[in-house]
Structure formats: C-alpha cells, structure tokens
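First comes the structure, then the notes that go with it.
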DNA sequence: CTGATGTTTCAATAATTTTTGAACATACGC
DNA sequence: GCGTATGTTCAAAAATTATTGAAACATCAG
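Protein chains in written order, with the numbering used here: chain A, 1 to 174; chain B, 175 to 348.
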C-alpha cells in the first residue's frame with residue numbers, strides 16, 4: 001500500500017501522511033471521551049477537541065482527519081458541533097483558503113453552554129406540563145404526599161430555569 | 175384477541191388488566207424521560223421512576239409491567255438500576271411474597287448519587303493520566319500555552335475529585 | 001418438602017446513534 | 001471568469017444501546 005517513493009505518487013498534492021497520536025495525546029483523548037460521554041457527546045467530537053486542546057498551534061481539517069483517522073464527514077460534523085457550542089474557532093492563514101482550528105479560551109464557559117443547550121430546552125418544555133400535572137393532582141383527590149412531591153418538582157424546575165441564564169450570558173454573535 | 179369475558183379467562187389468576195397511564199401520568203413520564211436522557215438513563219427506567227413518583231401508594235412488579243406495557247426483563251432491570259442508585263426501595267406486604275416499590279425520600283440526593291456514579295469513576299481514572307500528560311508536556315518542549323491548559327485541566331480534575339465526596343456521604347448499607 | 005409464585009438472567013432482536021464516503025456546493029487564487 | 005482546493009450534506013452501513021421473552025432461579029406458603 002505504501003508507495004515505494006513518496007515523490008512518485010506525490011506529483012499532485014503531496015498527501016502528507018499524518019503522524020498517529022502520541023501516547024500522551026491518546027491518553028488525553030480518552031479523558032475527553034469519557035467526560036464527553038457523560039453528556040452524550042460522541043467520541044469523534046471529543047477526539048477532535050482533545051487534539052486541538054493539546055496542539056501547539058491551530059490545526060487544519062486534513063490534519064485532524066489524518067491524525068485521528070476519521071472520515072471527512074465526521075470531521076466536518078464534529079467541527080460544526082464544536083463551532084456551534086462555541087468551543088472552537090478558526091483562523092485563516094493569509095493567502096490560503098484553508099481554515100485552521102483551535103479551542104476557544106475557556107473550556108469552563110464552553111461546558112456551561114453545552115450543558116445549557118441540553119438542559120434548558122427540557123426545563124422550558126416541562127414548565128407548563130408540570131403546572132398542569134400539579135393542577136391535575138390537586139383536582140383529583142391525590143394524596144397530600146404526592147401533591148407535595150409534585151409541587152417540589154415544579155419548584156425545582158422553576159428555580160433551575162431562573163438560575164441558568166445567570167450562569168453565563170448567552171453566546172453573542174461575533 | 176380480547177377475550178369476550180374477562181371472567182372466563184380469569185379462572186386461575188384473575189389477570190387484572192391494568193389501566194393505561196392517565197394523561198397527567200404520561201406527561202410526568204415525559205418530563206422524567208427528558209431529564210434522564212441528559213444523563214443517559216434509558217427511557218424505561220425513567221418511566222418506572224415516574225410511575226412510582228406519582229403513585230399514591232407503593233406499586234408492585236406486575237402493576238409496573240402492566241401499566242407501562244413493558245417486558246418483565248425491563249422492569250426487573252429498571253428496578254435493579256433504581257435500587258442500586260438508591261432511588262427506590264421496596265416494602266413487603268405481610269403474608270405476601272410480593273415486593274412493592276416506592277421512591278426514596280429525596281430525589282435530590284438520588285440525583286447526586288447518580289451523577290457521582292457517572293462522573294467519579296471517570297475523574298479517578300483520569301487523575302494519573304493527567305499527571306502523566308502534564309509531565310510529558312513539560313518534558314517535551316511543549317508551548318507554554320499548552321502546558322498552561324493541561325495544568326489547568328489537571329487542577330480542575332483534582333478539585334472536582336475533592337469536592338464530590340463532600341456533596342453527600344456515600345450510600346450506606348441498610 | 002414441594003410446588004406455585006415472583007424475580008432475575010441473558011441471548012436474541014429491535015431501536016437508536018454514530019460514522020462513513022461519495023456526490024454535491026462554494027469560493028478563492030490564479 | 002475557471003478550475004480546483006476546501007468543506008458540506010445525507011443516505012446507507014456500522015456500531016452501540018435498549019428491550020424482549022423464555023428459561024433458570026429463588027423463596028415462601030401450605
């Protein structure tokens with residue numbers, strides 16, 4: 001599979017053959033993958049972020065694909081996700097169309113954004129539901145115990161809903 | 175499929191034909207399912223918990239299976255999960271072998287336990303990894319920027335690891 | 001003791017999620 | 001403006017995760 005001479009096959013693009021991850025890079029990736037897993041973020045996304053996180057400089061599309069050995073589709077979708085979450089940003093080298101990626105400043109902020117994007121919609125959707133449910137429990141002659149439980153649930157939901165926006169201002173446009 | 179008369183088929187056990195969920199019960203279940211989804215807890219487990227949560231009294235195995243329309247296997251596994259997380263407990267009616275289930279007192283406490291069970295192992299596993307990684311970055315001449323990032327990551331990890339045990343005493347045996 | 005009742009186990013199946021790759025769009029350097 | 005380097009889309013395949021159901025197991029009432 002490996003061409004005898006790189007020069008011969010490299011007439012056109014000089015496909016660079018990327019280094020596999022170092023042991024440390026792989027270990028860091030496992031860390032990010034584990035943590036991401038808790039929030040339901042797919043492995044490929046965590047791997048991409050990890051690579052950028054430990055990189056000495058911004059990394060371009062082909063390097064990501066090459067070093068992680070994943071498909072173009074995955075890299076594209078993974079970067080889209082990370083971009084949408086505000087976890088990475090791209091810089092363009094002058095005189096090249098190619099984008100190069102790096103993590104944004106604060107991982108903490110990114111995580112809050114990520115959490116918010118998962119939890120907030122659920123909370124919002126639930127608010128009217130919980131109102132109806134508590135109402136229903138009171139109308140039917142539910143036990144005091146159950147009404148107490150449900151009311152507490154609603155209180156939590158409302159409180160979380162207030163609290164979340166305070167944790168960080170919503171991501172602004174660039 | 176439906177027998178003409180329940181009495182005829184019910185000679186032996188009087189299979190009780192369970193009521194489907196009320197609208198409010200279903201809505202509450204959706205709430206729990208959504209929230210559980212964030213932590214990767216399967217739908218069936220959330221449904222079981224929800225049923226118990228809104229029930230006026232402890233609920234037995236067959237009722238859970240019947241009202242939720244799920245298999246014995248799912249009910250058994252779901253209860254095992256909830257039991258292991260300390261989210262439900264069983265009471266036995268006297269003179270009956272059958273267990274009846276109800277939610278434990280504090281949902282909040284249960285959630286912390288659940289979170290812990292997901293996050294703690296990841297943190298613990300990661301600790302030595304991160305040490306090695308930071309070490310490696312320093313040994314090789316990584317950029318100050320990267321070393322800074324990795325060091326911060328390790329600090330976080332360590333802090334979280336200290337903090338978690340404080341949030342709630344580990345579940346004690348009964 | 002024993003047999004029916006109540007529960008667990010687990011291999012097979014179903015459902016869901018993730019990844020791939022080839023076709024399609026875009027825009028930039030020339 | 002053209003042609004191609006650069007990225008995106010999306011349907012299909014692969015991988016993962018959840019559910020089922022039948023058989024094994026356990027336990028207690030009689």
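In this text, a Cβ means the ideal position worked out from N, Cα and C, and glycines have one as well.
Only a predicted model underlies this, so the values are computations on that prediction, with no experimental measurement involved.
What are the residues that DSSP puts in a beta bridge with residue 263 of chain B?
Paired residues: B:276.
Can you tell me where the alpha helix (DSSP H) with residue 164 of chain A in it begins and where it stops?
Run containing residue 164 of chain A: 144-167, per the alpha helix (DSSP H) assignment.
Along chain A, which residues have their Cβ under 7 Å away from the Cβ of residue 209 of chain B?
Under the 7 Å cutoff, chain A gives 122.
In chain A, what lies closer than 8 Å to residue 201 of chain B by C-beta?
Correct list: 129, 132 and 133.
If we cut at 8 Å on Cβ distances, does residue 164 of chain A have a partner in chain B?
Residue 164 of chain A does not count as touching chain B.
Could you confirm whether any beta carbon from chain B is found closer than 8 Å to the beta carbon of residue 155 of chain A?
Not an interface residue.
Please check if any C-beta of chain B sits within less than 8 Å of the C-beta of residue 64 of chain A.
Closer than 8 Å: no.
Cβ atoms of residue 225 of chain B and residue 262 of chain B: under 8 Å apart, would you say?
No, Cβ-Cβ distance for residue 262 of chain B and residue 225 of chain B is not below 8 Å.
Helix, strand or coil: which one does DSSP assign to residue 233 of chain B?
Strand.
Taking the C-alpha atoms as reference points, what is the distance between residue 119 of chain A and residue 141 of chain A?
Their backbone Cα atoms lie some 32 Å apart in a straight line.
Give me the Cα-Cα distance between residue 192 of chain B and residue 160 of chain A, rounded to the nearest whole angstrom.
Going by the C-alpha atoms only, they are around 36 Å apart.
Name the two residues that bound the continuous alpha helix (DSSP H) containing residue 218 of chain B.
Run containing residue 218 of chain B: 217-227, per the alpha helix (DSSP H) assignment.
Got a sec: is the Cβ-Cβ distance from residue 56 of chain A to anything in chain B below 8 Å?
True, the Cβ-Cβ gap to chain B drops below 8 Å.
Kindly give me the distance between the Cβ atoms of residue 137 of chain A and residue 146 of chain A, rounded to whole angstroms, as I take these residues to be in contact under 8 Å.
Correct: roughly 6 Å between the Cβ atoms.
Does residue 260 of chain B get closer than 8 Å to chain A when you measure Cβ to Cβ?
Not closer than 8 Å to any Cβ of chain A, the Cβ of residue 260 of chain B fails to qualify, so no.
Any idea if residue 85 of chain A is buried or exposed, counting beta-carbon neighbours within 10 angstroms, 16 or more meaning buried?
Counting Cβ neighbours within 10 Å, residue 85 of chain A comes out buried, since at least 16 surround it.
With DSSP collapsed to three states, give me the class of residue 40 of chain A.
Three-state DSSP puts residue 40 of chain A in coil, outside helix and strand.
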